[in-house]
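Below: one structure, written as structure tokens.
Protein chains: 2
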Amino acid sequence: MIVSDPFLYENGTAESIGKSLKGKDVAYFSEIEPNPSCESVDKAAEAARTIKADCVIGLGGGSALDVSKMVSCLVTNVGSIYDYYAGGTKQLQPRTTELICIPTTAGTGSEVTNVGVFTNKKAGIKIPFVTNEFWPDYAILDPELTFTLPPAVTASTGMDAFCHAIEAYWNKDSLPICDMLSLGAMKMILENIKQAYEHPQDMEARGAIITASLIAGISFSQTRTTGIHALSFPITTEFGASHGVACAITLSAFIKISGEKEKEKMLVLANYLGYASINALSEAIEKLMISMNMPVRLSQIGIRESDLEHITQVGLKAAIIQLTPAIMNEETVYALLKSILE
Amino acid sequence: MIVSDPFLYENGTAESIGKSLKGKDVAYFSEIEPNPSCESVDKAAEAARTIKADCVIGLGGGSALDVSKMVSCLVTNVGSIYDYYAGGTKQLQPRTTELICIPTTAGTGSEVTNVGVFTNKKAGIKIPFVTNEFWPDYAILDPELTFTLPPAVTASTGMDAFCHAIEAYWNKDSLPICDMLSLGAMKMILENIKQAYEHPQDMEARGAIITASLIAGISFSQTRTTGIHALSFPITTEFGASHGVACAITLSAFIKISGEKEKEKMLVLANYLGYASINALSEAIEKLMISMNMPVRLSQIGIRESDLEHITQVGLKAAIIQLTPAIMNEETVYALLKSILE
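Top line first, the protein sequences correspond to chains C and Y.
If you're matching positions, the first sequence starts at 1468 in the numbering used here and goes up one per residue.
If you're matching positions, the second sequence starts at 1468 in the numbering used here and goes up one per residue.
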């Protein structure tokens, strides 16, 4: 069963992959919305169980890949995603259905991680589900699949990948091997994202970004993410920003405060990327985002000062926020958000 | 069964690991020589079969780890290593015996590769055996196990790891992800090897080198090595140099010629490591080796001009030599060797 975004079914991409699987019975499920709900997961799982799918192929952005991960597990695990996640107490038994992930955006890295992010409509929040059963068996990268991404999506997903890399790098649980992967991924993204944004069919730039996204995915799948992702969850769920925008919008501010406990390491990063100081890197990132028409102030996406306390509260509930190399409490998080309000 | 170097059995290290495996019957095999022969492998395999080993733990330098890999396969694969390697036509069936590798030198990276190098006494040559069955199930790094390495071994094994990283980096089959790992591993080695050489019990330096060795191992296990390793085989087998010395002795010369097809990429490397040019990097490596009392000229290890043609011939037989980013033929290889004779 090929699980894809509706667009990729309608434009024939899913079917062209299905037809290439000679001698296989292929079914399609394409009712995936952005920030997919648990209800969509259950619906896809029911379809996969009905046909006893022996392989689930996720095709699309993070949403389709994340759904494909959970669906591949639910083929042989009874019940609903709610039984295993968001308060559910059942343990997933080992996945026996093969899982192949083919990203069509270059940003989530979901094709190489053990993470799926789902929106729990009952509780009204978006939270990650982490399990070893989610590591895909295969990831297939084809830069051409990203040629048709609108420039705004190229920008936001590419900056999401950059956030994965930098959050793994400054992470309190960082590892030397992940530092190396993160440094390289960040460099590849900075050197190519503007080109991919302006020239959507540039094979080299597209190839570099999708490769960097995968590499950043390997990196943060070991360390997890930090404050950027923690704050992105309420910004996406409650203010409708895309995941990449919701992450990137706090990136420059987090770069500035990341020097608190990791000054030397952050300076190595800034120098490696060609900047003389941590602040210079922060400013360059903001400038790059502006040049790609990305919002850099919370007010640009409809957030008001009166919302900041709530975003702070929800963000602090995500355990990963404490992997940020800075003190993260009601006061400091509020101050960070306030600094990028207007 | 714990397969170890004799020294590690005699000094009690193997037994202390064996005793920590509470409730397990542990056997020991420690008759491993440097550049292990196929005969030693068969002897160890016979011992493992007799006790029906369900897990083989390799403990030691590259020799012990490489032997442990083949032994773990031969527990359930009938016959001799010669049946599968060096002209043998049998195919290894999937390994069912668990394989754990614990390196006590920081250089081979064997704990994370699918390669074993054995000396075929019948043919008088040392050649690598590559198979997916050799990927260990677990690698365990303990910097303290390297505290007792003599300075000369610290130097030669550390430079071997450096060669793995640089050969993956300039490799014709290089990959972005391996480039990142290699860059980081080379930096860690250059920043720490002298400290580990001079202060054998420096935990931080030892930890950095053994970690870098593992990371370089992951990198070159994807790309394979190049001319340095190809030429090291005859230099070791026929002139008795240790593997690390036999590799490092051609390193500076290979750095100089690697700019032939990879000038830009090699300059990125030189700059990243703090040098203004490829030649400056080459010279710095030679200076570093001299400061650690390593030979940098072939005549220092008893090789005469009349030997160069033979080394050239044998080196050119190794297919990996053609992964070097330079023309490798009788003329160019001879010239390279000649340039570092005296």
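Every residue, glycine too, gets a C-beta built ideally from N, C-alpha and C.
Cβ separation of residue i and residue j, assumed to be a contact under 8 Å, to the nearest whole Å
| i | j | result |
| --- | --- | --- |
| residue 1633 (chain Y) | residue 1623 (chain Y) | With a Cβ gap of about 16 Å, residue 1633 (chain Y) and residue 1623 (chain Y) do not count as contacting. |
| residue 1512 (chain C) | residue 1538 (chain C) | 5 Å |
| residue 1712 (chain C) | residue 1643 (chain C) | The Cβ separation is near 31 Å, so there is no contact. |
| residue 1534 (chain Y) | residue 1597 (chain Y) | In fact, because the Cβ distance is near 16 Å, the residues do not count as touching under 8 Å. |
| residue 1573 (chain Y) | residue 1760 (chain Y) | With a Cβ gap of about 18 Å, residue 1573 (chain Y) and residue 1760 (chain Y) do not count as contacting. |
| residue 1717 (chain Y) | residue 1695 (chain Y) | 5 Å |
Beta-ladder partner(s) of residue i, from DSSP
| i | result |
| --- | --- |
| residue 1587 (chain Y) | Y:1592 |
| residue 1495 (chain Y) | Y:1469 |
| residue 1523 (chain C) | C:1566 |
| residue 1597 (chain Y) | Y:1582 |
Helix, strand or coil at residue i according to DSSP, with G and I counted as helix
| i | result |
| --- | --- |
| residue 1473 (chain Y) | helix |
| residue 1701 (chain Y) | helix |
| residue 1504 (chain C) | strand |
| residue 1606 (chain C) | strand |
| residue 1800 (chain Y) | helix |
| residue 1559 (chain Y) | coil |
| residue 1490 (chain C) | coil |
| residue 1755 (chain C) | helix |
| residue 1762 (chain Y) | coil |
| residue 1813 (chain Y) | Outside the modelled stretch of chain Y, which goes from 1468 to 1809, sits residue 1813 (chain Y), for which no answer is possible. |
| residue 1627 (chain C) | helix |
| residue 1545 (chain C) | coil |
| residue 1691 (chain Y) | coil |
| residue 1482 (chain C) | helix |
| residue 1641 (chain C) | coil |
| residue 1618 (chain Y) | helix |
| residue 1770 (chain Y) | coil |
| residue 1791 (chain Y) | coil |
| residue 1650 (chain Y) | helix |
| residue 1636 (chain Y) | helix |
| residue 1669 (chain C) | coil |
| residue 1708 (chain Y) | coil |
| residue 1683 (chain Y) | helix |
| residue 1531 (chain C) | helix |
| residue 1786 (chain C) | helix |
| residue 1571 (chain Y) | coil |
| residue 1611 (chain Y) | helix |
| residue 1808 (chain Y) | coil |
| residue 1438 (chain C) | This structure cannot speak to residue 1438 (chain C), because chain C is shown only from 1468 to 1809. |
| residue 1518 (chain Y) | coil |
Residue from the options whose Cα sits closest to the Cα of residue i
| i | options | result |
| --- | --- | --- |
| residue 1460 (chain Y) | Y:1720, Y:1770, Y:1768, Y:1549 | Since the first residue shown for chain Y is 1468 and the last is 1809, residue 1460 (chain Y) is missing from the structure and cannot be characterised. |
| residue 1630 (chain Y) | Y:1680, Y:1582, Y:1531, Y:1590 | Y:1680 |
| residue 1757 (chain Y) | Y:1802, Y:1661, Y:1742, Y:1806 | Y:1661 |
| residue 1780 (chain C) | C:1790, C:1768, C:1801, C:1596 | C:1801 |
| residue 1638 (chain Y) | Y:1793, Y:1476, Y:1806 | Y:1793 |
| residue 1714 (chain Y) | Y:1497, Y:1628, Y:1619, Y:1585 | Y:1628 |
| residue 1722 (chain Y) | Y:1709, Y:1497, Y:1752 | Y:1752 |
| residue 1808 (chain Y) | Y:1766, Y:1799, Y:1782 | Y:1766 |
| residue 1487 (chain C) | C:1499, C:1524, C:1496 | C:1524 |
| residue 1745 (chain Y) | Y:1731, Y:1803, Y:1533 | Y:1731 |
| residue 1687 (chain Y) | Y:1652, Y:1594, Y:1718 | Y:1652 |
| residue 1520 (chain Y) | Y:1635, Y:1546, Y:1563 | Y:1563 |
| residue 1697 (chain Y) | Y:1796, Y:1610, Y:1769 | Y:1796 |
| residue 1491 (chain Y) | Y:1468, Y:1635, Y:1475, Y:1608 | Y:1468 |
| residue 1474 (chain C) | C:1499, C:1489, C:1484 | C:1499 |
| residue 1582 (chain C) | C:1717, C:1594, C:1572 | C:1594 |
| residue 1599 (chain Y) | Y:1636, Y:1540, Y:1764 | Y:1540 |
| residue 1553 (chain Y) | Y:1510, Y:1769, Y:1479, Y:1584 | Y:1584 |
| residue 1733 (chain Y) | Y:1536, Y:1641, Y:1605 | Y:1641 |
| residue 1840 (chain C) | C:1621, C:1635, C:1709, C:1729 | Missing from the structure shown is residue 1840 (chain C); chain C here goes from 1468 to 1809 and no further. |
| residue 1654 (chain C) | C:1480, C:1497, C:1737 | C:1737 |
| residue 1477 (chain C) | C:1497, C:1515, C:1489 | C:1497 |
| residue 1610 (chain C) | C:1569, C:1518, C:1701, C:1489 | C:1569 |
- Task: Spell out a yes or no on whether the stretch 1688-1697 of chain C and the stretch 1777-1790 of chain C are touching, meaning 3 or more CB-CB pairs, one atom from each, closer than 8 Å.
- Result: yes
- Query: Per the contact definition of three or more C-beta pairs closer than 8 Å, is the stretch 1754-1774 of chain C in contact with the stretch 1692-1709 of chain C?
  - Reply: yes
- Would the stretch 1667-1678 of chain Y and the stretch 1652-1672 of chain C be scored as touching if the rule is three or more Cβ pairs under 8 Å? no
- Item | Any 3 or more C-beta pairs closer than 8 Å across the stretch 1613-1621 of chain Y and the stretch 1552-1567 of chain Y | no
- Message: Check whether the stretch 1526-1542 of chain Y and the stretch 1563-1581 of chain Y are in contact - that is, three or more C-beta pairs closer than 8 Å.
- Response: yes
- Task: Flag this pair as touching only if the stretch 1583-1595 of chain Y and the stretch 1496-1507 of chain Y have three or more C-beta atom pairs under 8 Å; answer yes or no.
- Result: yes
- Message: If the cut-off is 8 Å on Cβ atoms, which residues from the stretch 1633-1648 of chain C count as contacting chain A, listed in chain order?
- Response: Although the question refers to chain A, the structure presented lacks it and instead comprises the protein chains C and Y.
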